[in-house]
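See structure below.
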Amino acid sequence: MRHGRYPFVVGFLAAPVLLYVVFVISPYLQAFYIALTDWKGLSATPRFVGLENFTRLLDNEAFWAAVRHHGVLLLAMPPATIVIALLFAFLLNVGGGQRGGRMTGIWGSKVYRVIFFMPQVLAVAVVGALFQAIYRPDETGVVNGLLAKAGIEPVGWLIDPDLALWSIIGVMVWQGVGFYVVLFSAGMSSIPKDVFEAAALDGAGRFTLFFRITLPLLWDTLQVAWVYLGIAAFDGFALVQVLSVNLGGPDNATTVLPLEIWRTAFGPFRFGYASAMGVALFFMTITFAALTLRVTRRERIEF
Amino acid sequence: MATDTEPKAAVRAPAPARGPRAGTGNTPGVFGTLSHLALLVWAILIIGPILWTFLASFKTNTEIFGDPITLPASFGWDAWGWAWEKARIGRYMLNTVFVVACSTAGTMLLGSMAAYVLARYSFPGNRAIYLLFVSGMTFPVFLALVPLFLVVRNLGLIDTHLGVILVYIAYSLPFTVFFLTAFFRTLPTSVAEAAMMDGCSHTRTFFQVMMPMAKPGLISITIFNVLGQWNQYLLPLVLLTGNVEDRWLITQGIANISVSAGHEANWPGLFAALSMAIVPVMIVYIVFQRQIQSGLTSGAVK
């Protein structure tokens, strides 16, 4: 058994580890150093400037606009997605009530699940291009065309600074709900059916079932969903890049940090400054994840 | 078998028994109707835009700018031809097929090799390497963006498909290793041991015994990687920086047409291009939807 063991282990690990360290680990580590330099342009040599990039970020309006938008995203997108997905998952799994002593899903739940998940497999760039047509500001846009039938004036979904970010959040929710319906369904199916059945026999209605049984027993899955969606709230790059007017516009009304990083790095090639934004984004994401796990920690329910 | 799985129980449900249900306190009729209404509305919100894109590819500019919910007057493939040839979606799609085929194959080979060793052999540093891989799932890609560009450029691989392929493999490894390590751990040890007794080398045991046994897991994660890499937008945008339009990938092409469609005033062409990007993915999804859903969510549940 032991013969040739170590050469085998090393042989099998060498290529993947090498590739991973070169293209994933080393860039992450380098980012922290580059953030402390004034590296511009492709040929110039970097000069160490300490925290200067970070102090300059404090005066950068686009940076603060982006940070504010992450705040809005974080407060709006995960709760909306989770509430809608939770409702649908509940209906699909136990919404049919009790039949022959068993809790059943609503009629057609399998088809719904397949449909709801669809946007998840579409490329974000494709979804962005699609919704650009749907959100067009005059009556040629699908939404405005439908509104016009009801006699409502066209709305500038993506060109109105007060509305643009919300329009983009709408697309995020549209795309995300299906994944969480499936995720919550998986969570619900690991709750033993007899818990529901016993409660239903004792006269619990659907609302009681949902709030007293499903929700508490699903806590772990909800926590995972919250972390995932929170991290997604710190992204949004492709959607904003494709959907927004003038990259993050109008007037920085929709910009997000990833877009600013990309614009700063590959527009004027200000690598140091862009990396500083990357580091800022990294700490925001980590702080969010750590806070969530800490605040939502509770006793595990065993079943 | 006594344990009835969830979806099956749900499918059985088109039951005649719509009568009173024991124990549910609400009036079933109203609740049921409202539930169906909510689900139906959301289903239409999902299907609607996708179907509309598809139909718009057969419309004329005037039809698109008219009533948004009419059918096209005639079904012609002109816009599809334009998108495929003139807008070069065909080219981008072939590029993408090539890149995704190579990188998914590479991801699966390297990922399963690493996962197998990490799951079934104990050696100093095993845990550390596993954590190194898995930690990659938690970092924001944007932190690595600038240095990644520089690393690839220094290797002389910027603006090449090889560069994109290697980066795709590297960034797909964390989830692949995470998923497959868990999977290899669940496989019985006795078969591998028997093969070794019969004089199989470690390498041969892996390729001829363990890989076939791990097929269900490998299939799930392969589809997951194919879809993820097919839909990737950020990495090609950074690694194929623009002067090499010949080598662009499909999502880049789509984003580009979406911007230029306004100038060229060829809206049907845009929708044909979008449809071309959507159709293959939809086919893969419909065929493999069970594996895709379980693959995508398995990382999150337990």
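Those protein sequences? They're chains A and B, same order as listed. Under the working numbering, think of the first position of the first sequence as 1, with each following residue one higher. Under the working numbering, think of the first position of the second sequence as 1001, with each following residue one higher. The C-beta atom is built at its ideal place from N, Cα and C for all residues, glycine as well. Predicted model, so just to flag it, every value in this text is computed and none were measured.
Where residue i falls: helix, strand or coil (DSSP)
i, result
"residue 270 of chain A", "strand"
"residue 1086 of chain B", "coil"
"residue 1017 of chain B", "Because the pLDDT at residue 1017 of chain B is just 39, under 50, the model does not fix this residue reliably, and the value given afterwards should be weighed accordingly. It is coil, neither helix nor strand."
"residue 1301 of chain B", "Note that residue 1301 of chain B has pLDDT 46, beneath the 50 cutoff, so the model's placement of it is unreliable and the number below is only indicative. Coil, per DSSP."
"residue 110 of chain A", "helix"
"residue 1058 of chain B", "coil"
"residue 952 of chain B", "Absent from the structure is residue 952 of chain B, since the part of chain B shown begins at 1001 and ends at 1302."
"residue 1075 of chain B", "coil"
"residue 37 of chain A", "strand"
"residue 214 of chain A", "helix"
"residue 255 of chain A", "coil"
"residue 1023 of chain B", "Because the pLDDT of residue 1023 of chain B is 41, which lies under 50, any placement of that residue in the model is unreliable, and the number read from its coordinates should be weighed accordingly. Residue 1023 of chain B: coil per DSSP, three-state reduction."
"residue 1138 of chain B", "coil"
"residue 264 of chain A", "helix"
"residue 1205 of chain B", "helix"
"residue 104 of chain A", "strand"
"residue 1200 of chain B", "coil"
"residue 1267 of chain B", "helix"
Straight-line Cα distance separating residue j from residue i
i, j, result
"residue 1043 of chain B", "residue 1197 of chain B", "56 Å"
"residue 227 of chain A", "residue 82 of chain A", "11 Å"
"residue 1021 of chain B", "residue 197 of chain A", "Note that residue 1021 of chain B has pLDDT 43, beneath the 50 cutoff, so the model's placement of it is unreliable and the number below is only indicative. Spanning the two alpha carbons is a distance of roughly 12 Å."
"residue 62 of chain A", "residue 1052 of chain B", "36 Å"
"residue 1190 of chain B", "residue 5 of chain A", "18 Å"
"residue 1270 of chain B", "residue 1254 of chain B", "8 Å"
"residue 55 of chain A", "residue 23 of chain A", "29 Å"
"residue 50 of chain A", "residue 1200 of chain B", "57 Å"
"residue 243 of chain A", "residue 31 of chain A", "28 Å"
"residue 230 of chain A", "residue 288 of chain A", "7 Å"
"residue 1132 of chain B", "residue 1174 of chain B", "9 Å"
"residue 1234 of chain B", "residue 238 of chain A", "7 Å"
Enclosing alpha helix (DSSP H) for residue i [first to last residue]
i, result
"residue 149 of chain A", "142-149"
"residue 56 of chain A", "52-57"
"residue 1069 of chain B", "Here residue 1069 of chain B belongs to no alpha helix (DSSP H), and DSSP marks it neither H nor E."
"residue 64 of chain A", "61-94"
"residue 1154 of chain B", "1141-1154"
"residue 1216 of chain B", "1215-1230"
"residue 246 of chain A", "Careful: residue 246 of chain A lies outside any alpha helix (DSSP H) and carries neither H nor E."
"residue 33 of chain A", "26-34"
"residue 179 of chain A", "164-189"
"residue 11 of chain A", "5-20"
"residue 223 of chain A", "219-233"
"residue 194 of chain A", "193-201"
"residue 1238 of chain B", "1234-1239"
"residue 1185 of chain B", "1161-1186"
"residue 1195 of chain B", "1189-1197"
"residue 49 of chain A", "No alpha helix (DSSP H) contains residue 49 of chain A, which DSSP labels as neither H nor E."
Exposed unless 16 or more other CB atoms sit within 10 angstroms - verdict on residue i
i, result
"residue 1215 of chain B", "exposed"
"residue 1083 of chain B", "buried"
"residue 1059 of chain B", "buried"
"residue 1070 of chain B", "exposed"
"residue 306 of chain A", "Chain A is shown only over 1 to 303; residue 306 of chain A falls outside these bounds and no answer can be derived."
"residue 72 of chain A", "exposed"
"residue 235 of chain A", "buried"
"residue 1143 of chain B", "buried"
"residue 215 of chain A", "exposed"
"residue 277 of chain A", "buried"
"residue 1164 of chain B", "buried"
"residue 1031 of chain B", "buried"
"residue 188 of chain A", "buried"
"residue 1010 of chain B", "For residue 1010 of chain B, the pLDDT reaches just 40, beneath the cut-off of 50, and the residue's location in the model is therefore unreliable, although a value from the coordinates is still provided. Result: buried."
"residue 1122 of chain B", "exposed"
"residue 1118 of chain B", "buried"
"residue 1027 of chain B", "Residue placement at residue 1027 of chain B is poorly supported in this model, since its pLDDT is 46, which falls under 50; the coordinates still yield a value, given next. Under this definition residue 1027 of chain B is an exposed residue."
"residue 283 of chain A", "exposed"
"residue 1073 of chain B", "exposed"
"residue 149 of chain A", "exposed"
"residue 14 of chain A", "exposed"
Beta-carbon separation (whole angstroms), residue i vs residue j, contact threshold 8 Å
i, j, result
"residue 113 of chain A", "residue 182 of chain A", "6 Å"
"residue 1108 of chain B", "residue 1222 of chain B", "6 Å"
"residue 291 of chain A", "residue 257 of chain A", "About 18 Å; that fails the 8 Å criterion."
"residue 254 of chain A", "residue 168 of chain A", "6 Å"
"residue 307 of chain A", "residue 250 of chain A", "As shown, chain A starts at 1 and ends at 303. That puts residue 307 of chain A outside it, with no answer to give."
"residue 272 of chain A", "residue 60 of chain A", "That belief does not hold up - the Cβ atoms of residue 272 of chain A and residue 60 of chain A are roughly 14 Å apart, past 8 Å."
Cβ-heavy atom distance, residue i to the ligand COA, below 7 Å
i, result
"residue 108 of chain A", "Looking for the ligand COA in the displayed structure turns up nothing, as the structure carries no ligands at all."
Within-8 Å CB hit, residue i to chain D
i, result
"residue 206 of chain A", "Although the question refers to chain D, the structure presented lacks it and instead comprises the protein chains A and B."
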